[in-house]
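Asks: Residue numbers (our numbering), protein chains in the order written: chain Z, 7 to 507; chain G, 63 to 214. The beta carbon of each residue, even a glycine, is placed where N, CA and C say it ideally should be.
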Amino acid sequence: MELLNNLSLGFETAFTLQNLMYCFIGCVLGTLIGVLPGLGPIATIAMLLPATYALPPIAALIMLAGIYYGSQYGGSTTAILLNIPGETSSVVTAIDGYQMAKRGRGGVALFTAGVGSFFAGCVATLMLAAFAAPLAEVAFKFGPAEYFSLMVLGLIGAVVLASGSLIKAIGMILLGLLLGLIGTDVNSGVARYSFDIPQLSDGIGFVCVAMGVFGFAEIMLNLEKKGTDETFLNKVTTLIPTWTDVKRMTPSILRGTTIGSILGILPGGGAALAAFGAYTVEKKSSKYSEEFGKGAIEGVAGPESANNAAAQTSFIPLLTLGIPPNAVMALMVGAMTIHNIQPGPQVMTSNPALFWGLIASMWIGNVMLILLNLPLIGIWVKLLKIPYRLLYPAILVFCCIGVYTVSNSVFDVFVTAGFGVIGYMFFKFGCEPAPLLLGFVLGPMMEENFRRALLLSRGDFTTFITRPLSLGLLVAAALLVVIVALPAIKKSRQEVFSEEL
Amino acid sequence: MNIRNKKDFGAGIMYMVFGLFFALNALNYKMGTAAKMGPGYFPFWLGALLTALGFFILLKSMSSKSDEESIGKWDWRIMIWISGSVALYGILLPTLGFLLSVIILVFISASASHEFNWKGSALNALFLVTFTYLAFVKGLNLQFPLYPAFLN
Chain Z
7 MELLNNLSLG
17 FETAFTLQNL
27 MYCFIGCVLG
37 TLIGVLPGLG
47 PIATIAMLLP
57 ATYALPPIAA
67 LIMLAGIYYG
77 SQYGGSTTAI
87 LLNIPGETSS
97 VVTAIDGYQM
107 AKRGRGGVAL
117 FTAGVGSFFA
127 GCVATLMLAA
137 FAAPLAEVAF
147 KFGPAEYFSL
157 MVLGLIGAVV
167 LASGSLIKAI
177 GMILLGLLLG
187 LIGTDVNSGV
197 ARYSFDIPQL
207 SDGIGFVCVA
217 MGVFGFAEIM
227 LNLEKKGTDE
237 TFLNKVTTLI
247 PTWTDVKRMT
257 PSILRGTTIG
267 SILGILPGGG
277 AALAAFGAYT
287 VEKKSSKYSE
297 EFGKGAIEGV
307 AGPESANNAA
317 AQTSFIPLLT
327 LGIPPNAVMA
337 LMVGAMTIHN
347 IQPGPQVMTS
357 NPALFWGLIA
367 SMWIGNVMLI
377 LLNLPLIGIW
387 VKLLKIPYRL
397 LYPAILVFCC
407 IGVYTVSNSV
417 FDVFVTAGFG
427 VIGYMFFKFG
437 CEPAPLLLGF
447 VLGPMMEENF
457 RRALLLSRGD
467 FTTFITRPLS
477 LGLLVAAALL
487 VVIVALPAIK
497 KSRQEVFSEE
507 L
Chain G
63 MNIRNKKDFG
73 AGIMYMVFGL
83 FFALNALNYK
93 MGTAAKMGPG
103 YFPFWLGALL
113 TALGFFILLK
123 SMSSKSDEES
133 IGKWDWRIMI
143 WISGSVALYG
153 ILLPTLGFLL
163 SVIILVFISA
173 SASHEFNWKG
183 SALNALFLVT
193 FTYLAFVKGL
203 NLQFPLYPAF
213 LN
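Listed below in structure tokens is the structure:
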């Protein structure tokens, strides 16, 4: 009953004209960047953060969330029609989706992706509504030691489930934590690592790091490839699936939704991992497994449902525990802090309209997306014709304007340029930047809780393992590392992620 | 000494440089004790941990068991061009103003591409300067120095 009350409050908030409009803008922008290859949701959200300063917090968050799940929708369009996944989460969609398109069944593939995403989005929204309150209850029992251990688990989870080398990813976390510490220490008032540069005493701008490392470095890498813009487009014919298609895709959508919802909540989970997981399950369990890779509809339905479900359930740890499970959620933390909202369990009680409004807006956004995507596919496809040589200067312009407006200072522009160079270096050394961003956001929080926990225990480090909840979280983190280090898992993990490239 | 995994070798050095930088500078701040931590405590140990991790990655990259991997071509021109055009925007904005700096940014960054052409970039610059002016200055009411400083 309470759930219904909460949801109705949410819909009341989300159904105002202004919030509907920002939800719509977010969905359109999200679809747009999902369609455009070489521009991901992280860079876009970072780019648009400054533009949301003037908005009320709820409108800003609704729009940013729309960008995130909208990009999951858009990414699948290009994956199916062009074999170019707009986002990493649609890499697996391209495998069978493109094959379907080559056989003149592109429309059906798009329809399947759309319906699967819509269904998954609805279920995930309900999950979010149902699980948020009980989880937040748990969070209120947390002391500093538990919070510290939770962050350790979150960060370890993020690197374990991410691709690439585990040990290098841990290095990126440490570096991110350290970069996050730059600036004035709240307890002593000492300006750390600011070297008498006044702008640095406030710390490095979060937007600068995100834009430099993701936005600029990505541009450099794309330019380096010297690709040409010629694309071959498959014709979109009928959208309507046959009865056999419906029978085959329904169980896949259900499975994909379940897998995605679960993986989305896990730290480090998120859309890309969910899609990989769902594809593997479909391939293993389908009686048509020989059709996979040649245009099996299950290969589209499962991953597409999974990535959308995960995109939405990954809001759960952010909204209930205040811990971002992936880099996009780290950006949402940034957005919330800009609007003076401290992410965590208290959001639900202190700001219920914002909390439930955001959740309700996701459902509305899903309706908008399906209306937006299926009839308008032709328009999105035309956008693909924008050549990269015109696109990337535009990205740079938006980034520069955005960074400048954060605090009306050109200093931030220089810092971002610097992080562009650092980001390029990361890519060359095979260091993934996403854990860095997570560490950067969590750095100050982690230090604060570490400090408080040890203050309470009078310097006794065993406090982290004598408190049962904290111990449980640390054991879970250790288990994750051990599991991944097992030779069998290590091998299959590498296989899964090698497909990503 | 035989560096097999050049990517990891680079990453190891990078982590050690960053780690040492943070750890050594943390010594300038008060350390305190675990029960009463000073501002230097947490960054010092994080920095030390990062240095150790970097050293470990470095050693591993030279072991005969590690996979052979090269860094690949380092495209200095593109890196400097892109970051440089952004930095230049930062330098020019206070003196030349919003409109001119955007145009310059578009031209300079566009010329980093091997597909650069004047006409396309000019149209792109014109479009972007109009669009950003309408969206950010008029629409969102953000404050910029619009025109060159000497005109005011």
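Would you mind stating whether Z/Ser-267 and Z/Met-368 have Cβ atoms separated by less than 8 Å?
Replies: By one-based count along the first sequence, residue 267 of chain Z stands at place 261. By one-based count along the first sequence, residue 368 of chain Z stands at place 362. Their beta carbons are not under 8 Å apart, which means Z/Ser-267 does not touch Z/Met-368 by this criterion.
Asks: Are the C-beta atoms of Z/Thr-468 and some chain G residue less than 8 Å apart?
Replies: Counting from one through the first sequence, the residue named residue 468 of chain Z turns up at place 462. Closer than 8 Å: no.
Asks: If contacts are defined as beta-carbon pairs under 8 Å, then Z/Ala-145 and Z/Leu-360 qualify, I think. What distance do you get, rounded to the angstrom?
Replies: The count along the first sequence starts at 1 and reaches residue 145 of chain Z at position 139. The count along the first sequence starts at 1 and reaches residue 360 of chain Z at position 354. Contact flag wrong, Cβ pair sits at about 17 Å.
Asks: What number of angstroms, rounded off, separates the C-alpha of Z/Glu-297 from the C-alpha of Z/Ser-291?
Replies: Looking up residue 297 of chain Z in the first sequence gives position 291. Looking up residue 291 of chain Z in the first sequence gives position 285. So the two alpha carbons sit approximately 12 Å from each other.
Asks: Does the segment 124 to 139 of chain G touch the segment 89 to 102 of chain G, meaning 3 or more C-beta pairs lie closer than 8 Å?
Replies: no
Asks: Between the segment 162 to 191 of chain G and chain Z, which residues of the former have CB atoms less than 7 Å from a CB of the latter, in chain order?
Replies: Val-164, Leu-167, Val-168, Ser-171, Ala-172, Ala-174, Ser-175, His-176, Glu-177, Phe-178, Gly-182, Asn-186 and Leu-190
Asks: Confirm, please, whether the CB-CB distance from Z/Leu-402 to G/Ser-163 is below 8 Å.
Replies: By 1-based counting over the second sequence, the position of residue 163 of chain G is 101. By 1-based counting over the first sequence, the position of residue 402 of chain Z is 396. Inclusion of G/Ser-163 and Z/Leu-402 in the CB contact set at 8 Å is not warranted, their separation being larger than that value.
Asks: With three or more beta-carbon pairs closer than 8 Å as the criterion, would you say the segment 175 to 187 of chain Z touches the segment 373 to 389 of chain Z?
Replies: no
Asks: For G/Ser-173, which residues from the same chain have a beta carbon less than 8 Å from its beta carbon, with the 5 sequence-adjacent residues on both sides left out?
Replies: Indexing the second sequence from 1 puts residue 173 of chain G at position 111. Excluding sequence neighbours, G/Ser-173 sits near Trp-143 and Ser-183.
Asks: Looking at the C-beta of Z/Phe-154, does it have a partner C-beta in chain G at a distance below 8 Å?
Replies: As a position in the first sequence, residue 154 of chain Z is number 148, starting the count at 1. Closer than 8 Å: no.
Asks: Determine the direct distance from the alpha carbon of Z/Pro-358 to that of Z/Lys-528, and round the result to whole angstroms.
Replies: The structure shown does not extend to residue 528 of chain Z, since chain Z is modelled only from 7 through 507, so no value can be given for it.
Asks: Excluding the 5 residues preceding and the 5 following G/Glu-131 in the sequence, name in chain order all residues of the same chain whose CB lies nearer than 8 Å to its CB.
Replies: Stepping through the second sequence from its first residue, residue 131 of chain G is reached at position 69. These residues qualify, in order along the chain: Arg-66, Asn-67, Lys-68, Lys-69 and Asp-70.
Asks: Buried or exposed: Z/Gly-299, going by 16 or more other Cβ atoms within 10 Å of its Cβ?
Replies: The residue labelled residue 299 of chain Z in the question sits at position 293 within the first sequence. Z/Gly-299 comes out exposed.
Asks: Quick one, which of Z/Ala-142, Z/Ala-280 and Z/Val-215 has its alpha-carbon nearest Z/Pro-521's?
Replies: Nothing in the structure corresponds to residue 521 of chain Z, since chain Z is present only between 7 and 507.
Asks: Going by beta-carbon coordinates alone, are Z/Leu-287 and Z/Thr-118 separated by less than 8 Å?
Replies: Looking up residue 287 of chain Z in the first sequence gives position 281. Looking up residue 118 of chain Z in the first sequence gives position 112. According to the sequence as given, residue 287 of chain Z is Val; it is not Leu. It is not a contact, given that the beta carbons lie outside the stated cut-off.
Asks: Output needed for G/Phe-83: all residues of its chain with C-beta closer than 8 Å, excluding positions within five of it in sequence on either side, in chain order.
Replies: Within the second sequence, numbered from 1, the residue matching residue 83 of chain G stands at position 21. Around G/Phe-83: Gly-109.
Asks: Locate the alpha helix (DSSP H) running through Z/Ala-302, then write down its first and last residues.
Replies: As a working note, residue 302 of chain Z is residue 296 in the first sequence. Careful: Z/Ala-302 lies outside any alpha helix (DSSP H) and carries neither H nor E.
Asks: In whole angstroms, what is the alpha-carbon distance linking Z/Asp-102 and Z/Ala-49?
Replies: By 1-based counting over the first sequence, the position of residue 102 of chain Z is 96. By 1-based counting over the first sequence, the position of residue 49 of chain Z is 43. Each residue's alpha carbon lies about 28 Å from the other.
Asks: Would you call Z/Asp-235 buried or exposed, if buried means 16 or more other Cβ atoms sit within 10 Å of its Cβ?
Replies: Taking the first residue of the first sequence as position 1, residue 235 of chain Z is located at position 229. Residue placement at Z/Asp-235 is flagged as unreliable, the pLDDT there being 49, under the threshold of 50; a coordinate-derived value is accordingly withheld.
Asks: Per DSSP, Z/Arg-198 is paired with what?
Replies: Within the first sequence, the letter at position 192 stands for residue 198 of chain Z. DSSP output for Z/Arg-198 lists Z/Gly-189 as bridge partner(s).
Asks: Examine chain Z for any beta-carbon lying closer than 8 Å to the beta-carbon of G/Leu-196, and answer yes or no.
Replies: Along the second sequence, one-based indexing puts residue 196 of chain G at 134. No, no contact with chain Z.
Asks: With 16 as the cutoff for other CB atoms within 10 Å, does Z/Asn-314 come out buried or exposed?
Replies: Position 308 of the first sequence, counted from the first residue, corresponds to residue 314 of chain Z. With 16 or more Cβ atoms within 10 Å of its Cβ, Z/Asn-314 is classed as buried.
Asks: Quick one: which chain G residues come within Cβ less than 8 Å of Z/Ile-225?
Replies: Working through the first sequence from its first residue, we reach residue 225 of chain Z at position 219. Within 8 Å Cβ-Cβ: Ile-144.
Asks: Residues in the segment 114 to 133 of chain Z with C-beta within 8 Å of chain G's C-beta atoms, listed in sequence order?
Replies: none
Asks: Along the chain, where does the alpha helix (DSSP H) containing G/Lys-127 start, and where does it finish?
Replies: Position 65 of the second sequence, counted from the first residue, corresponds to residue 127 of chain G. G/Lys-127 -> no alpha helix (DSSP H), and no H or E assigned at all.
Asks: Going by beta carbon distance, what residues of the same chain come within less than 7 Å of Z/Gln-24, once the five residues before and after it are set aside?
Replies: Against the first sequence, residue 24 of chain Z aligns to sequence position 18. Within the same chain, Cβ atoms closer than 7 Å to the Cβ of Z/Gln-24 are found at Ala-65, the five residues on either side in sequence being excluded.
Asks: Between the segment 205 to 213 of chain Z and the segment 415 to 432 of chain Z, can you find at least three pairs of beta-carbon atoms closer than 8 Å?
Replies: yes
Asks: Classify G/Met-99 as helix, strand or coil using the three-state DSSP reduction.
Replies: Here residue 99 of chain G corresponds to residue number 37 of the second sequence, with the count starting at 1. In the structure shown, G/Met-99 sits in a strand (DSSP, three-state: E or B).
Asks: List the residues of chain G whose Cβ lies closer than 8 Å to the Cβ of Z/Ala-164, in chain order.
Replies: On the first sequence, residue 164 of chain Z is found 158 positions in, with the first residue counted as 1. Here the premise fails: no neighbours, minimum Cβ distance about 16 Å.
Asks: Under three-state DSSP, which class holds Z/Asn-5?
Replies: Since the first residue shown for chain Z is 7 and the last is 507, residue 5 of chain Z is missing from the structure and cannot be characterised.
Asks: Compare the C-alpha of G/Leu-185 against each of Z/Ile-407, Z/Pro-399 and Z/Val-488 and name the closest.
Replies: On the second sequence, residue 185 of chain G is found 123 positions in, with the first residue counted as 1. When each option's Cα is compared against that of G/Leu-185, the closest is Z/Pro-399.
Asks: Can you tell me which of the three DSSP states G/Gly-201 falls into?
Replies: If you number the second sequence from 1, residue 201 of chain G lands on position 139. Helix at G/Gly-201.
Asks: Assuming Z/Val-213 contacts Z/Ala-316 (C-beta within less than 8 Å), just tell me the rounded distance between them.
Replies: The count along the first sequence starts at 1 and reaches residue 213 of chain Z at position 207. The count along the first sequence starts at 1 and reaches residue 316 of chain Z at position 310. Wrong, their Cβ atoms sit about 25 Å apart, outside the cutoff.
Asks: Can you name the residues of chain G whose CB is closer than 8 Å to the CB of Z/Thr-422?
Replies: Walking along the first sequence from the start, residue 422 of chain Z turns up at place 416. The contacting residues are Val-148.
Asks: Taking DSSP as the reference, what is the three-state secondary structure of Z/Asn-346?
Replies: Numbered from 1 along the first sequence, position 340 holds the residue referred to as residue 346 of chain Z. DSSP places Z/Asn-346 in coil when its eight states are reduced to three.
Asks: I'd like to know whether the C-beta atoms of Z/Gly-371 and Z/Gly-308 end up nearer to each other than 8 Å.
Replies: The residue labelled residue 371 of chain Z in the question sits at position 365 within the first sequence. The residue labelled residue 308 of chain Z in the question sits at position 302 within the first sequence. Going by C-beta atoms, Z/Gly-371 is not nearer than 8 Å to Z/Gly-308.
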